[in-house]
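Its first residue numbered 1, the sequence shown is counted upward by one per residue in UniProt numbering.
We put the CB at the ideal spot given by N, CA and C, even for glycine.
The structure presented is a predicted model; accordingly, all values stated were derived computationally and were not measured.
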Amino acid sequence: MPDLLSYLQDPELVARFQRRCGLFLVEAPHHNQGRRTGNRTRGPPRGRWDHQDNNSNYEYKESGYAADVHSGPQYQVRNWPLHFLFLFSAGLGHEIFYITCLPCIHWNLDPFLCRRLVNVWTLVMYIGQVMKDILKLPRPGSPPVVKLETRVDAEYGLPSTHAMAATAISFTFLLSAPSRIQFQFEVGALIAIILSSLVCLSRLYTGMHSVLDVICGASISAALMLLTYPYWDTFDHFQLTSSASPVLALTLLLFLSYSYPELDHYSTTRGDTTTILGSCAGCSVGYWVNEQLGQTFEPQGMLPVPLPVLTASGLALGTGRFLLGVVALLGTRKIVKTASLGMLYSWYKVPINDDAARRRKEIEVPYKFVTYTSVGLVNSILVNRVFILLRLL
């Protein structure tokens, strides 16, 4: 077993997968030569890359300031369709996907499904992020691996939270949707398998995880779903009807944000986890408010309901809801983030142009939690009511 685990964690296994997919490491004498379009190789941004630490990360320095930005050596792409497919698949685990796709289910399909997905997504992501920072297992080293992403390279590797989220969202939707909408289960299962597999494979292609990281991520997510599935309906009833629900959602999730495991270096995991917990808190409170007001925006009549027929007018209304909703959420995020950072900078007497200060726990946790709690509230309470006023719903 130790030999098998060591083999699955071997970065050379990831590098072989990348080469099979047409992604090759290019040995360059100077890593700061930048991007060379003539031979379609890519390089790191301008600046200086210092030593690689024991988490396979690079320390970037520019003008004497160290930043948590990372890069590996130059690389060459020989299969552009696969390259773009895996980059797109990797994007399904980023914030821009969550702030568009999950609310879109609320606006255009069924708020019940959005609520269920947010709950399970929050659970698996919190456990995955905490496990990363407790186990502290490194990501694949570069070289031999080509690393296509830089933002999260300061994070540890096991388990892959992209794999956890993709597995949780795909199969939670598959298990929850049959009681709400009519569709062919086999087709849904095939789509769930394809989407989750693409996201998992994209983490190997981008060089961000070992095979062991991805297998563990998908397996832990599946185990958590299996353990919690019998209680999904019970929790949903409590979340919507109990007077303790909004208080518990805010206090518990804020406590989990502040009690997140401390590291000896800055990592994006605490901030990302706070973002997830804040979004869940806002949505949870918002859905409780909708239930108390008697306007849940859920499908009426006998369940499961047929899937909406795709017509030109229906497509136009859905597109309008999507665009307006995304603008509302991004606008909320911008306004609340700016206001909360301004208040916290003033409280802690931090210069307003000190961007590094937002990494401090006493600033990062409250500003992210308040910002994304507000985003969750606007998504669950306000947006659909605006749609009704504008006759988009």
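Can you tell me whether residue i is buried or exposed? The criterion is at least 16 other CB atoms within 10 Å of its CB, across all chains shown.
i, result
"residue 363", "buried"
"residue 157", "buried"
"residue 331", "exposed"
"residue 181", "buried"
"residue 309", "exposed"
"residue 75", "buried"
"residue 151", "exposed"
"residue 247", "exposed"
"residue 312", "exposed"
"residue 192", "buried"
"residue 294", "exposed"
"residue 329", "buried"
May I have the straight-line CA-CA distance separating residue i from residue j, to the nearest angstrom?
i, j, result
"residue 190", "residue 244", "39 Å"
"residue 138", "residue 342", "36 Å"
"residue 6", "residue 126", "26 Å"
"residue 218", "residue 160", "8 Å"
"residue 99", "residue 195", "18 Å"
"residue 388", "residue 357", "41 Å"
"residue 20", "residue 153", "23 Å"
"residue 348", "residue 337", "16 Å"
"residue 355", "residue 267", "15 Å"
"residue 396", "residue 231", "The structure shown does not extend to residue 396, since the chain spans only 1 to 393, so no value can be given for it."
"residue 84", "residue 13", "21 Å"
"residue 236", "residue 92", "26 Å"
"residue 345", "residue 3", "51 Å"
"residue 352", "residue 360", "14 Å"
"residue 80", "residue 255", "45 Å"
Excluding the 5 residues preceding and the 5 following residue i in the sequence, name in chain order all residues of the same chain whose CB lies nearer than 6 Å to its CB.
i, result
"residue 257", "274, 277, 365 and 369"
"residue 104", "322"
"residue 320", "392"
"residue 24", "76"
Does the distance from the C-beta atom of residue i to that of residue j stay below 9 Å?
i, j, result
"residue 177", "residue 221", "no"
"residue 118", "residue 165", "no"
"residue 145", "residue 15", "yes"
"residue 183", "residue 113", "no"
"residue 269", "residue 155", "yes"
"residue 318", "residue 108", "yes"
"residue 22", "residue 77", "yes"
"residue 8", "residue 211", "yes"
"residue 110", "residue 298", "yes"
"residue 106", "residue 383", "yes"
"residue 385", "residue 283", "no"
"residue 162", "residue 208", "yes"
"residue 170", "residue 285", "no"
"residue 197", "residue 304", "no"
Note down, in chain order, each residue of its chain lying with its Cβ closer than 8 Å to the Cβ of residue i, except the 5 sequence neighbours on either side.
i, result
"residue 134", "261"
"residue 340", "366, 367, 370 and 371"
"residue 306", "181 and 182"
"residue 175", "225 and 229"
Please work out which residues of its chain come closer than 7 Å, Cβ to Cβ, to residue i, disregarding the five sequence neighbours upstream and downstream, and give them in chain order.
i, result
"residue 240", "287, 288 and 291"
"residue 187", "none"
"residue 263", "133"
Is any beta-carbon of chain D found at less than 9 Å from that of residue i?
i, result
"residue 22", "Chain labels in this structure do not include chain D; a single protein chain is all it has."
Legend entry - Validate contact between the segment 127-134 and the segment 199-212 using beta carbons, cut 8 Å, 3 pairs: no
Legend entry - Meets three-Cβ-pair contact criterion under 8 Å: the segment 374-381 and the segment 277-289: yes
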